[in-house]
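Enquirer: Going line by line, the protein sequences match chains G and L.
The first sequence maps to residues 1 to 591 in the numbering used here.
The second sequence maps to residues 592 to 939 in the numbering used here.
Ideal Cβ placement from N, Cα and C applies to all residues, glycine included.
Computed from a prediction, not measured in an experiment: that's the story for all the values here.
The structure's right below; bear with me while I get my questions together.
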Amino acid sequence: MNTTSGERLNREITRNPRNLKGMEEDLKTANGREWTRIPERDRVHVLKKGTDHRNSFFNWLFPFASIRVHSRLKLPTEAPSRSASTSSVRFPALSRHFAVKLFSALTLTLAVSPAAEFDECYKIEDIKLPEGVPPEVGGIDFAPDGSIFVVLRRGDVIKAAPTSDAKAFDWQPFASGFHNGCGIDAVSATKIRITQMADMIEVEDSDKDGKADRYTRFAAGWDLSGNYHETNTLTKDGKGGYFISIGTASHAGPTFEHVLGEYSAAGRRGRNYASVKWKGWILHTDAQGKVTPVASGFRMANGIYQDPDNNLWAGDNQGDWKAITPLYHVEQGNFYGHPSSLAWDPAWAGKDPLATYRNDLDAYNKARTKAAVEMPNKEINRSAGEPMELPRNGSFGPFAGQLLVPDNNGERISRVMLEKVNGKFQGAVTQFIQNHGLRSGNHRLRFSPDGKQLYVGQTVRGWGSPAEGLQRITWKGGVPFDIESFKITKKGFTLTFTKDLPDKLKEKKAWEFSSFTVQPKWTYGSDQENERKHEVAEFKVSSKRSVEVELEDFAAGKIYKMELPKDVKSGDDKSPLQNRLAYYTANELPK
Amino acid sequence: MRKTFLLLGLGLQPLLGQHLLTYNNRPLGSIEEPLVMSTYLPDPGLDAAVFARHHSSAPAPKYNPGKGEDVPGEEKPIPAIAAAYAVSFGPALAYTFDSTECRPLYAWQGGFLDMTSYWGDEKRGSRVSFDYIPRLVGNLFYKTSGPHPVSIGGKSVEELGGPVYVGYTLLKGVPRFEFKAGNHLVSVTMRPSKKEQSFDAEVTCEPPAPIAWKDGDFSAEGNGKLAFTYTGKTLGTYQGYKLKIDLRKANVQAGETLYNSYGCIACHSLDGSKGHGPSLGGLADEMVELEGDARPVKADREYLLESIKTPNAKIAKGYPPNYMPPFGIPDVEYDSLILFIQSLSKPE
């Protein structure tokens, strides 16, 4: 929508605050849309330190925490225009004092928040799952008919047609009996495929009575040592087949006497290990179930995703040989850094990859393919779940085409801004959503078929407090003030924001950059090394929303941290900056 | 019983007219609606010949994640089944069908599985236990032994080029497992028998051919199809998962067992290595730095107790808040855990 009506109304209020009756009429017909009024109880928002949001991140996201009285205009349900500056009604001249006065003087209030707070942008709902059932969500997927399938880790698969009321999903059992099913493809409303510990099963409701009756092995061959950590998941390859990522085993669990497939003593070494095939690999299965290895070096890639350009992405979990949380661009034949999996690479026959690389980090660094984006585990993402691209058509609002990476171990979903530099992917990461009622345990993402809602599957078992279930995020039409793009130049970075820069960010002194490196090794995670500050050598405001910075001693092979000042609001509509921390992994400088 | 539990537990949940697994760690099927579950399963002492298509693992050098090196000692593999389906008809019959060996492994009556050591206890935070192997509940009356029981036209399954697992079909809820032996598709269906310590079985092969079943001293024959009732005697009695800890008074040994069984081990190492939570080795009586502005505190008994009882009261520096669940266990267990932590020396 355009703001003409809103601005006119704003002037109207300023001029004649008592003329509210007419204003309401105007609002109802603004742009020919039917406006929905927020119920009275929603009008007073109290943002108070330490309420439901126990996480300290809340305080730095909302340093302005204070009492705010406003009423809001809710957009109609269809998505409005994507234009950042025009998608919310703005009344910047309206003071809080004035708002309170209006509120108390008249039953009809139209005091208005001028800025796009989080709540104007996104809504997070808990989807109610069947009562009494452990909501350990292993995987989620939408069938072509729009129904959603959820595989629970104790083995049941439930199915429902999504409803607008998050509490009203009519869940029906569809199938059962899977061993820790963590990958699911809903082929149709009556046929699904699931990866469980030992194999991938095609499940069909052949008599169409609503419940599956046929369970056929679709693919197998990744073997099993009997360890709880060897879970796996899938993404579609677009040709009827799948890429499947296979987790390594953990020293905290056992190996069985009788294992599936060949056993390797060299693979059974270290903290997380690969005593059988193909632990720590990403595999491909074609539409006939023929399995071939793709790439090695993963520890626990609990989430794999092929984007619309057929690029394959996988995260991993900080741990041994994973310094912080990586996001990899996965390509055939590469080694991504966890040595145990190499026990199954024919080139390593008879050798001990773990011992070799433990003693020769130079050779290790030459052999491994680095992460496209490193995500500091404490500040950004402790354990990467399934990556997912934001719809390119903007059905889910801003940041279209960027990659989301859920954190399985934090109340957050990270947002990755990729670019190709010298032919290789690299880029920056910040948060998409952090807190605001988002649970931890995030590991599966699916957009609803209309691209307007993001479903988040959550599970944590045996790893901290249970944080589990299914949540749904809806874009409400507002555009948050945030970093829209973060690109590298030969000497620094170009940053573009979703809204106009405030004066504060037009000054060089507001911009702080530092860098560090990480060396993955046998330790559980690695410290940040070579930490240092980089002074901003050159600074230019290149447009209303963009700046260009050049940094002292700018070089490749580092992770650059950018930390913006507190209390920043956009220059145009005074929207609070959602994220002030971002990291750019500069594997390459543009040639 | 599974159904009963659900209906009792859920009250009026019309959408769940059918069965879903709940927090009940002793799930059970029924004759009308058997429960089929793929899971790790215990090995009640099966003949090694049964695992013809498995491979043997071996003891591995003990690894110290704090040092990143092997240390003296061995990690011994444990006996268990990696990939089998467990089927429950309620107390009447339970059996397992292995999807690698393509044969039933054992059968029992009077219960099914206790999943506590895999699924964990709902009331105990992180729902984790160490070995991830469910325990049997009931009386074991059948164990297979020797080579694959099926032969077709006088040739063993191996000679025909099998077996290769295909899948199963639910016939009114009863699974019919299928595998290939060369060009033959073989199916095995097992059901409760009217006799005690027994099951009824039906085995078919397609295209039809003379088929035989030989398992130890037991044998049956048919053409394209054979059916038999197997009757056994009690081979073992199992009560499920139960911790054996002496908790008459707080003690170090009980603390160590609890440390393992509550899953503390998943996040807190003993050897100083980094995990999701601080290492416990040498922690006692050291000064601990905290998140926020709080001053360092001494890890005395009071601090350790608070850290287990109300884990978010103080957060050790570098670790996330709201991560560890409060456990709510008896005082004697808290005290045992503290004694165990206090017994740990500082890692080298």
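Listed in chain order, which residues of the region 629-658 of chain L have Cβ atoms closer than 7 Å to some Cβ of chain G?
Expert: The residues in question are S629, T630, Y631, F642, H645, H646, S647, S648, A649, A651, Y654 and P656.
Enquirer: Alpha carbon to alpha carbon, what distance is there between L871 (chain L) and A890 (chain L)?
Expert: One C-alpha to the other measures close to 10 Å.
Enquirer: Tell me, please, whether the region 565-581 of chain G touches the region 669-686 of chain L by the rule of three or more beta-carbon pairs shorter than 8 Å.
Expert: Output reads no: the region 669-686 of chain L does not touch the region 565-581 of chain G.
Enquirer: So, at 6 Å on beta carbons, what are the nonlocal neighbours of L454 (chain G) in its own chain, with the 5 sequence-adjacent residues on each side left out?
Expert: The answer, listed in chain order, is F447 and I473.
Enquirer: Restricting to Cα atoms, I'd like to know which of L:P625, L:I906 and L:V748 is closest to M781 (chain L).
Expert: M781 (chain L) has its Cα closest to that of L:P625, out of L:P625, L:I906 and L:V748.
Enquirer: So, with DSSP's three-state summary, where would you put R358 (chain G)?
Expert: R358 (chain G): helix per DSSP, three-state reduction.
Enquirer: Using Cβ-Cβ distances below 8 Å, what residues of the region 667-684 of chain L are close to chain G?
Expert: Of all residues in the region 667-684 of chain L, P668, I669, P670, A671, I672, A673, A674 and Y676 have a Cβ within less than 8 Å of some Cβ in chain G.
Enquirer: Skipping 5 residues on each side, what residues in its chain have a beta carbon closer than 6 Å to that of K370 (chain G)?
Expert: The residues are N587.
Enquirer: Inspect the beta-carbon positions of A314 (chain G) and I304 (chain G) and report whether they are closer than 8 Å.
Expert: Yes, the pair counts as a contact, with Cβ atoms nearer than the cut-off.
Enquirer: By the criterion of Cβ-Cβ separation under 9 Å, what are the contact partners of L761 (chain L) in chain G?
Expert: The answer, in chain order, is K211, A212, D213, R214 and Y215.
Enquirer: Please report the straight-line C-alpha distance between Q528 (chain G) and M417 (chain G), rounded to a whole angstrom.
Expert: For Q528 (chain G) and M417 (chain G), the distance between alpha carbons rounds to 22 Å.
Enquirer: Alpha carbon to alpha carbon, how far is P254 (chain G) from A166 (chain G)?
Expert: Rounded to whole angstroms, P254 (chain G) to A166 (chain G) spans 40 Å at the Cα level.
Enquirer: Show which residues of chain L have a CB atom less than 9 Å away from the CB atom of P308 (chain G).
Expert: In chain order: nothing, as chain L lies at least about 33 Å away.
Enquirer: If the cut is a Cβ gap below 8 Å, which residues of chain G does K865 (chain L) touch?
Expert: The answer, in chain order, is T523, Y524 and G525.
Enquirer: For R154 (chain G), which of helix, strand or coil comes out of DSSP?
Expert: The answer is coil: DSSP assigns R154 (chain G) none of H, G, I, E or B.
Enquirer: For N604 (chain G), which residues in the same chain have their Cβ closer than 7 Å to its Cβ, ignoring the five residues on either side in sequence?
Expert: Since the first residue of chain G shown is 1 and the last is 591, residue 604 (chain G) is not available in this structure.
Enquirer: Of all the CB atoms in chain G, is at least one closer than 8 Å to the CB of W699 (chain L)?
Expert: It does not: the Cβ of W699 (chain L) has no partner Cβ on chain G nearer than 8 Å.
Enquirer: Less than 8 Å between CB atoms is the rule here; does L418 (chain G) satisfy it with respect to chain L?
Expert: False, the Cβ-Cβ gap to chain L never drops below 8 Å.
Enquirer: Using the DSSP secondary-structure output, state which residues sit across from Y122 (chain G) in a beta bridge.
Expert: Its beta-bridge partners are G:W475.
Enquirer: Taking the DSSP output, what are the residues bridged to R446 (chain G)?
Expert: DSSP lists G:Y455 as partners of R446 (chain G).
Enquirer: Take H333 (chain G) and list the residues in its own chain whose beta-carbon comes closer than 7 Å to its own, dropping the five residues that flank it on each side.
Expert: Here the sequence assigns Gly to residue 333 (chain G), which means His is not the residue at that position. Counting only Cβ-Cβ distances below 7 Å, and skipping sequence neighbours, we find A295.
Enquirer: Under three-state DSSP, which class holds R72 (chain G)?
Expert: Per-residue confidence for R72 (chain G) stands at a pLDDT of 33, beneath the threshold of 50, marking its modelled position as unreliable; the derived number appears in the next sentence. It is coil, neither helix nor strand.
Enquirer: Given that Y263 (chain G) touches chain L, what residues does it touch there, using C-beta distances under 8 Å?
Expert: Within chain L, the residues near Y263 (chain G) are H646, S647, S648 and A649.
Enquirer: Would you kindly report the start and end of the unbroken alpha helix (DSSP H) that includes S898 (chain L)?
Expert: Looking at the DSSP string, the run of the alpha helix (DSSP H) that includes S898 (chain L) is R892 to K900.
Enquirer: Do G863 (chain L) and G659 (chain L) have their C-beta atoms within less than 8 Å of each other?
Expert: Against a cut-off of 8 Å, the Cβ pair of G659 (chain L) and G863 (chain L) comes out as no contact.
Enquirer: Ignore the nearest five residues each way along the sequence and tell me which others in G22 (chain G)'s own chain have a CB closer than 6 Å to its CB.
Expert: Any reading at G22 (chain G) must be qualified, since the residue scores a pLDDT of 34, below 50, and its modelled position is unreliable; the value itself is stated next. For G22 (chain G), where only same-chain residues beyond five positions count, there are no Cβ hits under 6 Å.
Enquirer: Identify the contact partners of H610 (chain L) in chain G, using a Cβ-Cβ distance below 8 Å as the criterion.
Expert: In chain order: P173 and S176.
Enquirer: Taking buried to mean at least 16 other C-beta atoms within 10 Å of its own C-beta, is R532 (chain G) buried or exposed?
Expert: Result: exposed.
Enquirer: Which stretch, first to last residue, makes up the beta strand (DSSP E) that contains Y215 (chain G)?
Expert: Where Y215 (chain G) is concerned, the enclosing beta strand (DSSP E) stretches over R214 to A220.
Enquirer: According to DSSP, is T325 (chain G) helix, strand or coil?
Expert: T325 (chain G) falls in the strand class under three-state DSSP.
Enquirer: Could you pull out every unbroken alpha helix (DSSP H) segment of at least 4 residues lying fully inside the region 677-721 of chain L, listed in chain order?
Expert: Counting whole runs of 4 or more residues, the region 677-721 of chain L contains the alpha helix (DSSP H) stretches 707-710.
Enquirer: Quick check on N365 (chain G): does DSSP put it in helix, strand or coil?
Expert: Residue state, collapsed to three classes: helix.
Enquirer: Note down, in chain order, every chain G residue with its Cβ under 8 Å from the Cβ of S690 (chain L).
Expert: Ordered by position in chain G, the residues that pass the 8 Å Cβ test against S690 (chain L) are A198, D199 and R217.
Enquirer: Using a Cβ cut-off of 8 Å (strictly closer), state whether G664 (chain L) contacts chain G.
Expert: False, the Cβ-Cβ gap to chain G never drops below 8 Å.
Enquirer: Could you compute how far the alpha carbon of K290 (chain G) sits from the alpha carbon of A219 (chain G)?
Expert: So the two alpha carbons sit approximately 7 Å from each other.
Enquirer: Under the three-state reduction of DSSP, which class applies to G177 (chain G): helix, strand or coil?
Expert: Three-state DSSP puts G177 (chain G) in coil, outside helix and strand.
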